[in-house]
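Chains as they are written, first to last, in my numbering: chain A, 451 to 763; chain B, 196 to 558.
What follows is the structure, given as structure tokens:
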């Protein structure tokens, strides 16, 4: 069996049939179908997403220690890598955990895209090939297609000619990115973070111009869900200006003075995030938007987040 | 470290996007077309007209297969053509996915269309079904649910009517009635004089297959997996037959038997009067190309490119040839030869008796 056949059998055909059946029960609205489908997919991926969010949060919690390590082992990259790994291990996080949910969504994007162009009868070639994906045991799917492509102001089969979707996709993705962006004192890392903050939203906005609106609708719904989940776990994060962020900014303004991380913590210290100046490493976490805690309570509680925020706003 | 992983993620996403593009081409999908051939010309000078996938109309001399004439539909850019051309007198007509109808008078050195409808721009919708000609008028449908009647001589519009949803089906004309199926699951009977509706027949699925009319009965397949036989006079149901998948291709009737190809890979041979099953031919691959009657048998092309003859009242099935290329376009027939236009834009001439095959160069 070829890879294409496996793809069709395992991913594309189920996606097509589910989309058609969902549409039947959602007032024949393909737009609603995409939104509900997004919710279902995100619900299925919830455990993974939660893991990713906790990984992000854990990443935020060790930023101060990471900065210290970078400073300490600036001239010994090998040692730096070893210490960083040790720090990750100690904090119980897996950096790859951030990637998995996104990677798993890629087949969904591709399958959804292929489903859209088939079930909406975009071109005769695609529509003709749809029949071989339909489950003969589900009679409804044969009569339901083509699905209604109109939703709000959109024709879900083609890109949004009013260009609102690219803005919404880019905007929601920027917010999501911004929430996870952590201020850093390392100028190189800072410029990289800035680049990433804009690159992803711009890239997806560009893709939205090229692809059917239905796919963009999925991205927007998915981004909104991500933002909500992110908020529940880590709060607004980098979206709001924080003390640490301001501090980084003010550090940068002092000519001839390099930015100094205020939180100093030995990675192998028993206290982990204990600091020497009365400010915890968690103030750096705070800069990432998560878990500001009192000095001496550096370790964030798993599953904490918005509920752990003192109302600083 | 975080930014490094984010960079990796971005690269992966970018790759994913590229895969997304690569899987199905750039969005939206670029239609390529699958025009069937149409036999025209005079008895002494028969020609086969076919539109190529790069948007040219070609006239092949029959039976030799030399290319007599070729003309681009547009001087710049290609045009996808899904319907077979129509011919009448010295004019040949073809409908483009760009929403235009072209009329050519093929002659050496004359490549410009005699007329184009509309004169400027397009009709604002794609033309997927092929045009048909009857009583000096050309009828065609659009994927915005409209049916048009044009004067064949000059291309001026006689009438246009909106009958509902998207239409990809070619119409069929019988007497003073035009029949056309639509995506809104209805078959419409319209008066050819002004396009007014005589009756409509509802089904449970979209209708893409072109109807065929014989003995006061219009036969058509639907996406609800039924083949219908409907009284042309009043739109009442005579019989219906359930298959395993969509009906996409126009059926043919031969010796009182209707041969209805289906995307379930079977051709259903039914008694045209009663709908009783005479035979089921399982050809193992979906059939979207309309078959043709070739002498005493019916010739069918599967999507896989296998050409079969079905004969003896629906009791014999013989594999004529395997082209090895997908066939979506309706077949054409003339003097013992069947013509199949594949999705590789190659036209094959197949001897309906022996299966001997030759390629015609239409490019």
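Yeah, the Cβ is synthetic: ideal placement off N, Cα and C, and Gly gets one too.
None of these values were measured; they are calculated from a predicted model.
is_contact[residue i, chain A] using C-beta, thresh 8 Å
i             : result
residue 401/B : yes
residue 458/B : yes
residue 354/B : no
residue 226/B : yes
residue 439/B : yes
residue 418/B : yes
residue 483/B : yes
residue 323/B : yes
residue 436/B : no
residue 363/B : yes
residue 415/B : no
residue 277/B : yes
residue 423/B : no
residue 310/B : no
residue 222/B : Caution applies to residue 222/B, whose pLDDT of 44 falls short of 50 and renders its modelled position unreliable; the value that the coordinates give is listed next. Yes, because at least one Cβ of chain A sits closer than 8 Å to the Cβ of residue 222/B.
residue 378/B : yes
residue 297/B : no
residue 523/B : yes
Cβ-based neighbour list, residue i, same chain, cut-off 7 Å, excluding 5 preceding and 5 following
i             : result
residue 571/A : 577, 596
residue 436/B : 421, 422, 463, 465, 470
residue 260/B : 544, 553, 555
residue 573/B : Because chain B spans 196 through 558 in this model, residue 573/B falls outside it and cannot be assessed.
residue 546/B : 531, 532
residue 659/A : 609, 616
residue 598/A : 478, 479, 480
Own chain, CB closer than 6 Å to residue i, minus 5 neighbours either side, in chain order
i             : result
residue 311/B : 295, 297
residue 673/A : 622, 623, 626
residue 539/B : 520
Beta carbon proximity, residue i to chain B, threshold 8 Å
i             : result
residue 415/A : Beyond the ends of chain A as shown, which are 451 and 763, falls residue 415/A; an answer cannot be given.
residue 515/A : no
residue 498/A : no
residue 477/A : no
residue 768/A : This structure cannot settle anything about residue 768/A, because the visible part of chain A is limited to 451 through 763.
residue 468/A : no
residue 575/A : yes
residue 488/A : no
residue 663/A : no
residue 503/A : no
residue 578/A : yes
residue 480/A : no
residue 581/A : yes
residue 483/A : no
residue 592/A : yes
residue 586/A : yes
Residue closest to residue i, alpha-carbon to alpha-carbon, out of the options
i             : options                    : result
residue 591/A : 654/A, 459/A, 563/A, 470/A : 470/A
residue 489/B : 474/B, 501/B, 528/B        : 528/B
residue 648/A : 565/A, 585/A, 630/A, 602/A : 630/A
residue 419/B : 427/B, 431/B, 398/B, 425/B : 398/B
residue 321/B : 329/B, 291/B, 314/B        : 291/B
residue 414/B : 394/B, 367/B, 379/B        : 367/B
residue 279/B : 287/B, 273/B, 272/B        : 287/B
residue 688/A : 667/A, 644/A, 560/A        : 644/A
residue 424/B : 268/B, 453/B, 439/B        : 453/B
residue 410/B : 542/B, 254/B, 467/B        : 467/B
residue 314/B : 258/B, 505/B, 349/B, 455/B : 349/B
residue 464/A : 583/A, 454/A, 487/A        : 583/A
residue 269/B : 276/B, 250/B, 558/B        : 250/B
residue 667/A : 683/A, 678/A, 650/A, 602/A : 602/A
residue 340/B : 358/B, 330/B, 534/B        : 358/B
Contact set for residue i: own chain, Cβ-Cβ below 8 Å, skip 5 residues either direction
i             : result
residue 332/B : 344, 345, 346, 347, 353, 387
residue 477/A : none
residue 281/B : 233, 287, 288, 289, 325, 326, 327, 328, 333
Notebook entry, point to check: Which runs of the alpha helix (DSSP H), 4 residues or longer, sit entirely within the segment 559 to 623 of chain A?
Noted result: DSSP runs (the alpha helix (DSSP H)) wholly in the segment 559 to 623 of chain A: 574 to 578, 589 to 594.
Margin query: Measuring CB atoms only, is the segment 366 to 386 of chain B touching the segment 398 to 408 of chain B, in the sense that at least three cross pairs come out at less than 8 Å?
Written below: yes
Margin query: So, does the segment 475 to 483 of chain B touch the segment 448 to 462 of chain B, judging by three or more C-beta pairs under 8 Å?
Written below: Contact between the segment 475 to 483 of chain B and the segment 448 to 462 of chain B is present: 3 or more CB-CB pairs across the two stretches fall below 8 Å.
Checklist line | Whole beta strand (DSSP E) elements within the segment 452 to 476 of chain B, 3-residue minimum | finding: Note on the segment 452 to 476 of chain B: whole beta strand (DSSP E) runs with a minimum of 3 residues are 452 to 456, 461 to 466, in chain order.
Item checked: Validate contact between the segment 467 to 483 of chain A and the segment 549 to 569 of chain A using beta carbons, cut 8 Å, 3 pairs -> yes
Margin query: Check whether the segment 503 to 511 of chain A and the segment 520 to 535 of chain A are in contact - that is, three or more C-beta pairs closer than 8 Å.
Written below: no
Notebook entry, point to check: With a cut-off of 8 Å, do at least 3 Cβ pairs link the segment 426 to 435 of chain B to the segment 447 to 456 of chain B?
Noted result: no
Next item on the list: Flag this pair as touching only if the segment 339 to 355 of chain B and the segment 386 to 404 of chain B have three or more C-beta atom pairs under 8 Å; answer yes or no.
Entry: yes
Notebook entry, point to check: Fully enclosed by the segment 336 to 424 of chain B, which beta strand (DSSP E) runs are 3 residues long or longer?
Noted result: 341 to 346, 352 to 357, 367 to 369, 372 to 376, 381 to 386, 392 to 397, 407 to 409, 412 to 416
Notebook entry, point to check: Going along the chain, which unbroken runs of the beta strand (DSSP E) with 3 or more residues stay wholly within the segment 493 to 541 of chain B?
Noted result: 501 to 506, 511 to 517, 527 to 529, 532 to 536
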